[in-house]
Amino acid sequence: MDHLSTIFDRGLGWLDASGPDSDIVLSTRVRLARNLQGYAFGPQSRVNDRRAVLARVRRTAEKVDLLAEASVHPLSELDRGTRRILLERRLISQDLLGEKSDTELPLRAAAVVLSARDPVSVMVNEEDHLRLQVLVSGLALEGAWGMVDGLDEDLGRELPYAYDHELGYLTSCPTNVGTGLRASVLIHLPGLVLTKEIGRVLQGLSQVGLTFRGLYGEGSEVVGNFFQVSNQTTLGKTEEDLVDHLDRIVRQVIEYERRARRVLIRDAYQVTEDKIWRAYGLLRYARSLTFEEMMNLLSGVRLGAALKLLPGLRVYSLNKIMIFTQSAHLEDAAGRKLPPGERDAHRATYVRRILATEGVVIPDTEPPESSSGSGRDP
Amino acid sequence: MSEDPRVCSECGAAEAVVHLTQIVDDVASVLHLCEKCAASRGVNQPSPPAHSPLTDFLSQMTGPEEGAESGDEDRTCTFCDLTFAGFRENGRLGCPHCYTTFDFYLKNLLRRIHGGVQHVGKVYLPPDPTVSEREQRLEGLRRKLRYAISTEDFERAAQLRDQIRSLEPVTR
Numbered sequence: 109m110d111h112l113s114t115i116f117d118r119g120l121g122w123l124d125a126s127g128p129d130s131d132i133v134l135s136t137r138v139r140l141a142r143n144l145q146g147y148a149f150g151p152q153s154r155v156n157d158r159r160a161v162l163a164r165v166r167r168t169a170e171k172v173d174l175l176a177e178a179s180v181h182p183l184s185e186l187d188r189g190t191r192r193i194l195l196e197r198r199l200i201s202q203d204l205l206g207e208k209s210d211t212e213l214p215l216r217a218a219a220v221v222l223s224a225r226d227p228v229s230v231m232v233n234e235e236d237h238l239r240l241q242v243l244v245s246g247l248a249l250e251g252a253w254g255m256v257d258g259l260d261e262d263l264g265r266e267l268p269y270a271y272d273h274e275l276g277y278l279t280s281c282p283t284n285v286g287t288g289l290r291a292s293v294l295i296h297l298p299g300l301v302l303t304k305e306i307g308r309v310l311q312g313l314s315q316v317g318l319t320f321r322g323l324y325g326e327g328s329e330v331v332g333n334f335f336q337v338s339n340q341t342t343l344g345k346t347e348e349d350l351v352d353h354l355d356r357i358v359r360q361v362i363e364y365e366r367r368a369r370r371v372l373i374r375d376a377y378q379v380t381e382d383k384i385w386r387a388y389g390l391l392r393y394a395r396s397l398t399f400e401e402m403m404n405l406l407s408g409v410r411l412g413a414a415l416k417l418l419p420g421l422r423v424y425s426l427n428k429i430m431i432f433t434q435s436a437h438l439e440d441a442a443g444r445k446l447p448p449g450e451r452d453a454h455r456a457t458y459v460r461r462i463l464a465t466e467g468v469v470i471p472d473t474e475p476p477e478s479s480s481g482s483g484r485d486p
Numbered sequence: 004m005s006e007d008p009r010v011c012s013e014c015g016a017a018e019a020v021v022h023l024t025q026i027v028d029d030v031a032s033v034l035h036l037c038e039k040c041a042a043s044r045g046v047n048q049p050s051p052p053a054h055s056p057l058t059d060f061l062s063q064m065t066g067p068e069e070g071a072e073s074g075d076e077d078r079t080c081t082f083c084d085l086t087f088a089g090f091r092e093n094g095r096l097g098c099p100h101c102y103t104t105f106d107f108y109l110k111n112l113l114r115r116i117h118g119g120v121q122h123v124g125k126v127y128l129p130p131d132p133t134v135s136e137r138e139q140r141l142e143g144l145r146r147k148l149r150y151a152i153s154t155e156d157f158e159r160a161a162q163l164r165d166q167i168r169s170l171e172p173v174t175r
């Protein structure tokens, strides 16, 4: 059984916050849904279909340059903790994992192809036979699309895709047919939430054919003011148009967010500063943190780092906290399963450690002491 | 009763996985139960997304499509055995042939979801292409080339030009 050691740093490239606008946009992801001719997919696929698809992908991966340093991991060969770590890093979906309880096994012949060199991965035998994806730092839609397009070209040269001249790439869900493309951007919007403008912005998104979700995609709640914005339709527009449209709208949202932050600094400096330092204080010293509480505090601290109110704090450290304080990551670090209460304690310990070693250099902002009462009197 | 929603309010020991809101005499109370206690009370975990936005959408659409013939709703895909009822239930198709089998229904659905029914994106070139597949692919690449030039992405334009050249028949 393969353990984390084989996938230890996969999917973490975006944490370094090296991409454009990475103080507001955490990551960009573009995925393509593809199916192979001759095999049933989705709910109708049988084990034989799935095995055959996986075998073809294995053979093809070896010939593809972008997957030259990739490894193929059938989920059944990974231990449960490692599978959940892949989920927490958004390299696989809950659907691919297929586990609704601790005892249930992952879907048969479900696999993930992970590159050691590039931010690309391929889910095999999810709802569609293939889900090619690229996950990068900041707002980098064009680059991410270019990369996944290249991977698609290489795989498509070897694999017989299910394609129709009228409907394009055929997918299991009619909402993905055509381009099979879903581009999404994980964006942090505390300014718009605090200035209560977020409702209007989100409403505006749906009017221009975009949709938003929480951190973990479909059906997940928004926590810590992190929103995932993505295209809603996939048919009738070119990939470039879809990507370009999302890019333009997200740039506008970033502009609104920056404006909201300026308003906060101008009109509510004291309240904002206090909120940020309180969040920092709690994260820095708390002994127990639920994931949700931590995410909400992290939102304040991230805002503080972006506004330079918390000097010395890097976005990289904050990104790292987000990933490594999820349950499976904490349990991997502890080397055992953790009951919820203990998990919260481990989470708080991790956050304290990161902030103590990579955190803010606390400036001396105490009001000057008056000459009397200095305690030096004999 | 335990206040912590993460701990089972029945046995107070295990992790609560079922959160049950009961309304008795207009008073709502919330129970947090672990798997075991929930089972012993006869509470099943709700099966996850039996309905998604799409299936809600599908169920709202009543009646057959315009131009649909009687008997269309009894159709079954001959390749993957998916029935029309099966598709309406979970909103997923089972193979490329399903798109033809359920064509009477899908056309309108796709128009409502996407606003269009004609793919204008990438043109796929299968491993052993026919002459017309090659032509269609060329047209798709030329469209992309025009786009790359219009957005001044000259690196991409150069790549596309190479791809086009490699597909074009050699003329003397």
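In order, the protein sequence lines correspond to chains A and B. As numbered in my numbering, residues 109 to 486 make up the first sequence, in order. As numbered in my numbering, residues 4 to 175 make up the second sequence, in order. The beta-carbon is built from N, C-alpha and C at its ideal position, and this holds for glycine as well.
message = By the three-class DSSP mapping on this structure, what secondary structure does A:Val358 have?
response = Residue state, collapsed to three classes: helix.
inquiry  = For A:Asn339, report the span of its alpha helix (DSSP H) as first-last.
reply    = Taken as a continuous stretch (DSSP letters only), A:Asn339 belongs to no alpha helix (DSSP H), being part of the beta strand (DSSP E) at 334-339.
query = Who are A:Phe320's beta bridge partners in DSSP?
reply = DSSP, once it has assigned bridges, lists A:Val337 as partnering A:Phe320.
message = If you reduce the DSSP assignment to three classes, tell me which class A:Ser69 lands in.
response = In this structure chain A extends from 109 to 486, so residue 69 of chain A is not present and cannot be described.
query = Do three or more CB pairs link the stretch 96-104 of chain B to the stretch 275-284 of chain A at distances below 8 Å?
reply = Yes, since at least three Cβ pairs between the stretch 96-104 of chain B and the stretch 275-284 of chain A fall closer than 8 Å, the two stretches touch.
ask   = So, does the CB of A:Leu205 fall closer than 9 Å to a CB anywhere in chain B?
value = No, A:Leu205 lies away from the interface with chain B (no Cβ there is under 9 Å from its Cβ).
task = Would you verify that the beta carbon of B:Val134 is, or is not, closer than 9 Å to some beta carbon of chain A?
result = In terms of beta-carbon proximity, B:Val134 stays away from the interface with chain A, with every pair separated by 9 Å or more.
ask   = According to DSSP, is A:Glu305 helix, strand or coil?
value = Note: A:Glu305 maps to coil in three-state DSSP.
query = Roughly how many angstroms lie between the CA atoms of A:Ser130 and B:Val20, to the nearest whole one?
reply = Approximately 36 Å between the Cα atoms of the pair.
ask   = Of all the options A:Leu259, A:Arg225, A:Leu313, A:Ala387, which has the alpha carbon lying nearest to the alpha carbon of A:Val138?
value = Taking only the C-alpha atoms, the option nearest A:Val138 is A:Leu259.
is_contact[A:Lys383, chain B] using C-beta, thresh 9 Å = So no, A:Lys383 is outside the interface.
task = Report the option in A:Leu300, A:Ser338, A:Leu391, A:Gly420 whose CA atom is closest to the CA atom of A:Asn102.
result = Beyond the ends of chain A as shown, which are 109 and 486, falls residue 102 of chain A; an answer cannot be given.
key: Under 7 Å from the C-beta of A:Phe149: neighbouring residues of chain B   = Identification of chain B residues near A:Phe149 by a Cβ-Cβ cut-off of 7 Å yields Gly97, Cys98, ordered along the chain.
request  = Mind checking which residues open and close the beta strand (DSSP E) that includes A:Ser245?
outcome  = Per DSSP, the unbroken beta strand (DSSP E) holding A:Ser245 starts and ends at 238-245.
Supposed contact pair A:Leu238 and A:Arg142 - C-beta distance, whole angstroms, cut 8 Å = About 4 Å separates the CB atoms of A:Arg142 and A:Leu238; that is less than 8 Å, so the two are in contact.
query = Is the stretch 166-175 of chain A close to the stretch 409-427 of chain A, with three or more CB pairs under 8 Å?
reply = With the cut-off at 8 Å, the stretch 166-175 of chain A and the stretch 409-427 of chain A do not touch.
Cross-chain neighbours of B:Phe11 in chain A, by beta carbon under 7 Å = First, the amino acid is wrong: residue 11 of chain B is Cys here, not Phe. Within chain A, no residue has its CB atom less than 7 Å from the CB of B:Cys11, the nearest being about 11 Å off.
Per DSSP, cross-strand counterpart(s) of A:His296 = As computed with DSSP, A:His296 is found in a beta bridge with A:Phe334.
query = Can you name the start and end residues of the alpha helix (DSSP H) that A:Pro448 belongs to?
reply = 448-466 is the span of the alpha helix (DSSP H), which, as asked, contains A:Pro448.
query = So which of A:His454, A:Glu348, A:Lys345, A:Thr380 has the shortest CA-CA distance to A:Phe399?
reply = Nearest of A:His454, A:Glu348, A:Lys345, A:Thr380 to A:Phe399, Cα basis: A:His454.
query = Does the Cβ of A:Asn427 have 16 or more other Cβ atoms within 10 Å, making it buried, or fewer, making it exposed?
reply = With 16 or more other Cβ atoms within 10 Å, it is buried.
message = Determine whether the beta carbon atoms of A:Gly322 and A:Val331 lie at a separation below 9 Å.
response = One thing to note: A:Gly322 has its Cβ within 9 Å of the Cβ of A:Val331.
key: Opening and closing residue of the alpha helix (DSSP H) in which B:His117 lies   = Start and end: 106-117.
ask   = Mind checking whether A:Ile362 and A:Val133 have CB atoms under 9 Å apart?
value = Going by C-beta atoms, A:Ile362 is nearer than 9 Å to A:Val133.
For A:Leu205 and A:Leu240, believed in contact at Cβ under 8 Å, the rounded distance = Going by Cβ atoms, the distance from A:Leu240 to A:Leu205 rounds to 18 Å, so no, they are not a contact pair.
ask   = Mind checking if B:Ile203 is an interface residue toward chain A, Cβ cutoff 9 Å exclusive?
value = This structure does not reach residue 203 of chain B, given that chain B is present from 4 up to 175, and the question cannot be answered.
task = State the Cα-Cα distance for the pair B:Val126 and B:Glu171, rounded to the nearest angstrom.
result = If you take the alpha carbons of B:Val126 and B:Glu171, they lie about 15 Å apart.
task = Go ahead and pull the three-state DSSP assignment for A:Tyr533.
result = There is simply no residue 533 of chain A to check, as chain A begins at 109 and stops at 486 in what is shown.
inquiry  = Looking at the secondary structure, which residues open and close the alpha helix (DSSP H) in which A:His181 lies?
reply    = From DSSP, A:His181 is part of no alpha helix (DSSP H) but of the beta strand (DSSP E) over 178-182.
ask   = Near A:Glu347, what residues of its chain come up, given a Cβ to Cβ distance below 8 Å and the 5 sequence neighbours on each side ignored?
value = Excluding residues within five positions, the ones whose Cβ falls inside 8 Å are Trp253, Asp257, Thr287, Leu289.
message = Do A:Leu247 and A:Thr136 count as a contact pair if the criterion is CB distance below 9 Å?
response = Contact check for A:Thr136 against A:Leu247 passes: the beta carbons are separated by less than 9 Å.
Assumed close pair A:Ser223, A:Leu174 - CB separation to whole angstroms, cut-off 8 Å = Right, their Cβ atoms sit about 7 Å apart.
request  = Output yes or no for whether 9 Å exceeds the beta carbon distance between B:Leu243 and B:Glu18.
outcome  = Limits of chain B in this structure are 4 at one end and 175 at the other, which puts residue 243 of chain B out of reach.
ask   = What residue does the alpha helix (DSSP H) around A:Val423 start on, and which one ends it?
value = Its alpha helix (DSSP H) spans residues 423-432.
query = Rounded to the nearest angstrom, how far is the Cβ of A:Ile429 from that of A:Val459, given a contact under 8 Å?
reply = Contact holds; Cβ gap of about 6 Å.
ask   = Of the residues that make up the stretch 336-362 of chain A, which ones have a beta carbon closer than 7 Å to any beta carbon in chain B?
value = The residues in question are Thr341, Thr342, Leu343, Gly344, Lys345, Thr346, Glu347, Glu348.
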